[in-house]
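**Q**
Chains as they are written, first to last, in our numbering: chain A, 15 to 298; chain B, 13 to 349.
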């Protein structure tokens, strides 16, 4: 009996690339072409909405216009406190917990587990798909935020120069890197969490609290968080207030390396869980 | 519950008890148990299934789907080992190049068309797009879903969902097909075509493991049956073989069509191995239950030779799955009216 499958190589990078590519195309469609994506996109663009409202208010009252340097400080605080800690966190929670937990809820996990996919390739494919989905939304939001914050010369005096000819372009690149690393870090946290517990909502709330209150933690505990490393990479520091416990920022290579190491460790844990994954829809 | 297992020669009957072996041509369960927490799925299953069509028969919750999910690696045994063609089900990257699984699950990844469902599955195999398209088209044609393939699966009828799942299962030309209630929801024509497809696969030497509630179809379709009840395999083998195996414990029913059933009843009832003889006026004959089939047939030959009774036909009345099932489980078989 001649079978088509007999001719196909069982393993190899080429096969894995194709398999991950197939998962990516499937996941991107599922992420964006459905009603469920609406709240994710709305939350992702909330900072842009706030900045757009500021533009509107400045058009009514020009006294509210800022200089580029002031805006850079204000945006730096907004980026760290609101965008990374809340928006990216929420987008990652929604996208990454759904990658596996959503398949279980919709009873479609078996579609993947019935394919000749190594479980680690399956998990990596899911992670890459989540990364591309969440990062594309978050980076699009970031680009719009920066344009709304600095591109209008009337609302932000010297904003265009700052953004396109001054240090703003360099800052934007760092913000983009921090956004990408935040998606990678929180994504790995939530993917692992979704494989470990049935309802990731409560542990996610605890992690949100931990990340938010990070500035109050002693230096040793600060390092057990994603936000600590991200803050170290932000181009514009912000004043966390009188109650904050100051810590030396981690050097950029260490911060990036530390985050990527954290991602690798979390994905290794997730792979172990995925290898033991069973299709038990009724039990779920 | 006693187990009336039938151990047979694999050449004559693919269902045998055996230990797993590398490069095996069978699905082998070796002392397999599966518990969901404290709830029993299946217990102490020793079973080997060879090429041809093997039907798993049993009521809902008996453990059929658990056995199928264990075969496909969607579940892991609590104890024991499963091997499929010598492969471990926990290596999906190897297993699913040789196995196609049509599950009981009615859910599909959301927003997919029938075409996507089959094509993307083949892409997950790592196939190039043109090869995946060619195989998807062929599989969809084989199950008669060409026109419906561009439509969303969510809008399909139950029968159409069943057929597109079947297309997915056969698309990569697997040697082993695990089919959980594959005829469910199919109209009679599609049902007949699907049965023909299964027969063609079996004739090619493939291994088909099918669960079904429709017992008369199992009778027509399967080379052998595995009766599952309460998480245990209660019997296995060819339907007739299973019946013979339990004949020593349970009487065999035979219907004798003849011109003088009353006289025949009087003659056979004198024999100690005949436990019941019932006149069947509607069919013009006698229904006999005997504990010794061989002696009964010798007796019939003798009576026919004497010429007192003209015997037109002798028909085994319970060599079907339905009767075997009733004997073993003591209940009306699933799907029976």
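Where is the CB? At the ideal position from N, CA and C, for every residue including glycine.
Rounded to whole angstroms, what's the CA-CA distance from residue 306(A) to residue 199(A)? Just pull it up for me.
**A** Missing from the structure shown is residue 306(A); chain A here goes from 15 to 298 and no further.
**Q** Whose Cβ in chain A lies nearer than 7 Å to the Cβ of residue 81(B)?
**A** What residue 81(B) touches in chain A: 293.
**Q** Is it buried or exposed, residue 279(A), if we count other Cβ atoms within 10 angstroms and call 16 or more buried?
**A** Flag for residue 279(A) reads exposed.
**Q** Chain A beta carbons: is any one of them nearer than 8 Å to that of residue 90(B)?
**A** It does not: the Cβ of residue 90(B) has no partner Cβ on chain A nearer than 8 Å.
**Q** For the putative contact between residue 214(B) and residue 220(B), defined by C-beta atoms under 8 Å, what is the C-beta separation to the nearest angstrom?
**A** 6 Å between Cβ atoms; contact.
**Q** Applying the 10 Å Cβ sphere with the 16-neighbour rule, what's the burial state of residue 61(A)?
**A** So residue 61(A) ends up on the buried side.
**Q** Checking contacts by CB at 8 Å: is residue 86(B) closer than that to chain A?
**A** Residue 86(B) counts as touching chain A.
**Q** Given that a residue counts as buried once 16 or more other Cβ atoms are within 10 Å of its Cβ, and exposed if not, what is residue 80(A)?
**A** Label assigned to residue 80(A): buried.
**Q** So residue 227(A) packs on residue 146(A), CB below 8 Å; how close in whole Å?
**A** In fact, because the Cβ distance is near 31 Å, the residues do not count as touching under 8 Å.
**Q** Out of curiosity, what's the CA-to-CA distance linking residue 188(B) and residue 43(A)?
**A** Distance between the alpha carbons of residue 188(B) and residue 43(A) is about 31 Å.
**Q** Quick check on DSSP: helix, strand or coil for residue 117(B)?
**A** Of the three classes helix, strand and coil, the one that applies to residue 117(B) here is coil, per DSSP.
**Q** From 138(B), 46(B), 38(B) and 69(B), pick the residue whose C-alpha is nearest to that of residue 223(B); which is it?
**A** Among 138(B), 46(B), 38(B) and 69(B), the Cα nearest to that of residue 223(B) is on 69(B).
**Q** Starting from the Cα of residue 288(A), find the closest Cα among 195(A), 70(A), 187(A) and 207(A) and give me that residue.
**A** Of the listed residues, the one whose Cα sits closest to residue 288(A) is 207(A).
**Q** Using a C-beta cutoff of 8 Å, does residue 137(B) count as contacting chain A?
**A** Yes, contact with chain A.
**Q** So what does residue 40(B) bridge to, in DSSP terms?
**A** Answer by DSSP bridge pairing, in chain order: 60(B) and 95(B).
**Q** Pairs of beta-carbons, one from the region 105-120 of chain A and one from the region 100-117 of chain B, closer than 8 Å: are there three or more?
**A** Contact fails: fewer than three Cβ-Cβ distances are below 8 Å.
**Q** Got a sec: which bits of the region 34-54 of chain B sit with their beta carbon under 7 Å from any beta carbon on chain A, in order along the chain?
**A** Against chain A - using a Cβ distance shorter than 7 Å - the residues of the region 34-54 of chain B are 48.
**Q** Within 10 Å of its beta-carbon, does residue 238(A) have 16 or more other beta-carbons around it, so buried, or fewer, so exposed?
**A** The residue is exposed, with fewer than 16 neighbouring Cβ atoms inside 10 Å.
**Q** Is the CB-CB distance between residue 155(B) and residue 179(B) below 8 Å?
**A** It is a contact, given that the beta carbons lie within the stated cut-off.
**Q** Does residue 159(B) pass the burial test, meaning 16 or more other C-beta atoms within 10 Å, or should it be called exposed?
**A** Classification of residue 159(B): exposed, given that the 10 Å Cβ count is below 16.
**Q** Between the Cα of residue 143(B) and the Cα atoms of 32(A), 273(A), 121(A) and 286(A), which residue gives the shortest distance?
**A** Answer by Cα proximity: 32(A).
**Q** State buried or exposed for residue 77(B), treating a residue as buried only when at least 16 other CB atoms are found within 10 Å of its CB.
**A** So residue 77(B) ends up on the buried side.
**Q** Is the beta carbon of residue 126(B) closer than 8 Å to that of residue 150(B)?
**A** Cβ distance not < 8 Å, so residue 150(B) and residue 126(B) don't count as in contact.
**Q** Cα-Cα, which of 294(B), 82(B), 140(B) and 317(B) is closest to residue 124(A)?
**A** Comparing Cα positions, the closest option is 82(B).
**Q** If we call anything under 8 Å between Cβ atoms a contact, is residue 54(B) one with residue 243(B)?
**A** Yes; because the gap between Cβ atoms is below 8 Å, this pair is in contact.
**Q** Is residue 31(A) helix, strand or coil by DSSP?
**A** In this structure, residue 31(A) counts as helix in the three-state DSSP scheme.
**Q** Can you give me the Cβ contacts of residue 84(B) inside the same chain, cut-off strictly under 7 Å, excluding the 5 residues immediately before and after it?
**A** Hits under 7 Å: 101, 111, 113 and 190.
**Q** Figure out for me which residue from 239(B), 65(B), 74(B) and 285(B) has the closest Cα to the Cα of residue 51(B).
**A** Answer by Cα proximity: 74(B).
**Q** Between the region 280-291 of chain B and the region 300-313 of chain B, do at least 3 Cβ pairs fall closer than 8 Å?
**A** Verdict: yes, contact present.
**Q** Can you tell me whether residue 221(A) is buried or exposed, with buried defined as 16 or more other CB within 10 angstroms of its CB?
**A** Buried, since its Cβ has 16 or more Cβ neighbours within 10 Å.
**Q** Can you confirm whether residue 199(B), when its beta carbon is compared against all beta carbons of chain A, has any partner nearer than 8 Å?
**A** So, not an interface residue.
**Q** Got a sec? Which residues, its chain only, sit under 7 Å from residue 36(B) by beta carbon, not counting five neighbours each side?
**A** These residues qualify, in order along the chain: 95, 97 and 98.
**Q** List the DSSP bridge partners of residue 244(B).
**A** For residue 244(B), which the question treats as bridged, DSSP gives the partners 241(B).
**Q** What does a CB cutoff of less than 6 Å around residue 139(A) pick up in its chain, not counting 5 residues either side in sequence?
**A** Only 34 and 37 meet the Cβ criterion.
**Q** Verify the CB distance criterion: does residue 210(B) have a CB-CB separation below 8 Å to chain A?
**A** No, no contact with chain A.
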